[in-house]
Amino acid sequence: MKILAILFLMFSLSHAKIYYSKVEPYEIRDISSNVSGLVLSIDENMIGKKLTSDAYITIDSELDAKELAFIKDKLEYLREIIKVNENVLVNLEKSLVRKRENYKRITDLKFKSAVEKDKEYYDLISNENLYLSTQKEIQNLKVQITDLKLREAHLKRSVSDKYLSDKGFVLYEISVKVGQVVGVSTPLAKVADTSKAKLTIYLDEEDVADAKNKVVYINGEKTSYKISRSLNIADSKNISKYMAQIIIDSPKLFSKLATVELKDK
């Protein structure tokens, strides 16, 4: 019986299915423009190299930078105006305290005519309205500051988006030229995450359920890798096949064809 079991195991191992897959970067990103503008520079020498914090594509941001400077000045002016109005408000509040006291006293004086009392009343109401108007102006100025801060944030984001660096990724492809005017969603480049690699294989239906428990052999060598991702929905192109991926260490050379076998432990 033991001999039969060993023979059966050897037979099953020798008949493990072989899948073929390209060693691909862990991720390839399509970089599209978030802004509109003129492409000023492209560093094509970085194609195939790992990107740094330096820009490989720059888009004109001169007007954005100027508007940012103007907004900074305007915010400073508005804050100064608010400070002045707040001081005015303090003085108006002190004045109102006196005017309310004076009006309260005069209403009880019989020798004061109705005209005099009405005049004091209207003067009090006028000062109260001025106080409320000053409060309203301060609130309007604060709303303007909030709107400018939002505009400032948009401009900072725009300037940042016009300086493409994608540090840590490898520049795979550039899709624009210097002097080209780009708009939102215009394809700019492709970058690749080569910190890891992936192998994509398409399993038969009967192999899907137990795939993650299999021992992975790559190019005939046993590895410690496992199926990292698998779908239980058939692939749209490879009909009746189910996609699975194995995440592996980054190789020295990508896009080489590799054989993958999944065997029982």
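In short: position in the sequence shown from 1, add 6, done, that's the working numbering. All residues carry an ideal CB built from backbone N, CA and C; glycine is no exception.
- At a Cβ-Cβ threshold of 8 Å, I37 and L81 do not count as neighbours.
- When DSSP reads this structure, E267 sits in a beta bridge with I24 and Y223.
- The region 83 to 136 is shown to contain no whole alpha helix (DSSP H) run of 4 or more residues.
- For E33, the enclosing beta strand (DSSP E) starts and ends at E30 to S38.
- When the alpha-carbon of S166 is set against those of K105, Y248 and S42, the nearest one is in S42.
- DSSP lists G43 as the beta-bridge partner residues of V188.
- Taking 8 Å as the cut-off, the beta carbon of A264 is found no closer than this to the beta carbon of S236.
- In the structure shown, the three-state DSSP call for S236 is strand.
- In the assembly as shown, E86 is an exposed residue. Its beta-carbon has fewer than 16 other beta-carbons within 10 Å.
- The shortest CA-to-CA distance from E143 to any of I24, L95 and A61 is the one to L95.
- Here K232 has K218 and V222 as same chain residues with Cβ atoms under 7 Å from its own Cβ, once five neighbours each way along the sequence are excluded.
- Beta-bridge analysis with DSSP links E179 to K196.
- The Cβ-Cβ distance between S201 and Y62 does not fall below 8 Å.
- Spanning the alpha carbons of K243 and S59 requires a straight line of approximately 39 Å.
- Residues P193, L194 and A195 of the same chain have their beta carbon placed closer than 7 Å to that of S181, with the five preceding and five following residues left out of the count.
- Bounds of the alpha helix (DSSP H) holding D213 are E211 to V214.
- Here Y128 is exposed: its Cβ has fewer than 16 other Cβ atoms, across all protein chains shown, within 10 Å.
- With fewer than 16 other beta carbons inside 10 angstroms of its own, K173 counts as exposed.
- Rounded to whole angstroms, the Cβ separation of I65 and L44 is 7 Å, and the two are in contact under 8 Å.
- With distances taken between CA atoms, K155 lies nearest to D79 out of D79, Y248, N97 and T206.
- At the C-beta level, V184 and L46 come within 8 Å of one another.
- Just measuring C-alpha positions, the residue of D213, A250, L74 and M249 sitting nearest E158 is L74.
- The residues L130, N133, E134 and Y137, in chain order, have a CB closer than 8 Å to that of L102 in the same chain once the five nearest residues on each side in sequence are set aside.
- Counting of Cβ neighbours within 10 angstroms places S67 among the buried residues, the total reaching 16 or more.
- Q251 has T206 and R235 as its beta-bridge partners, per DSSP.
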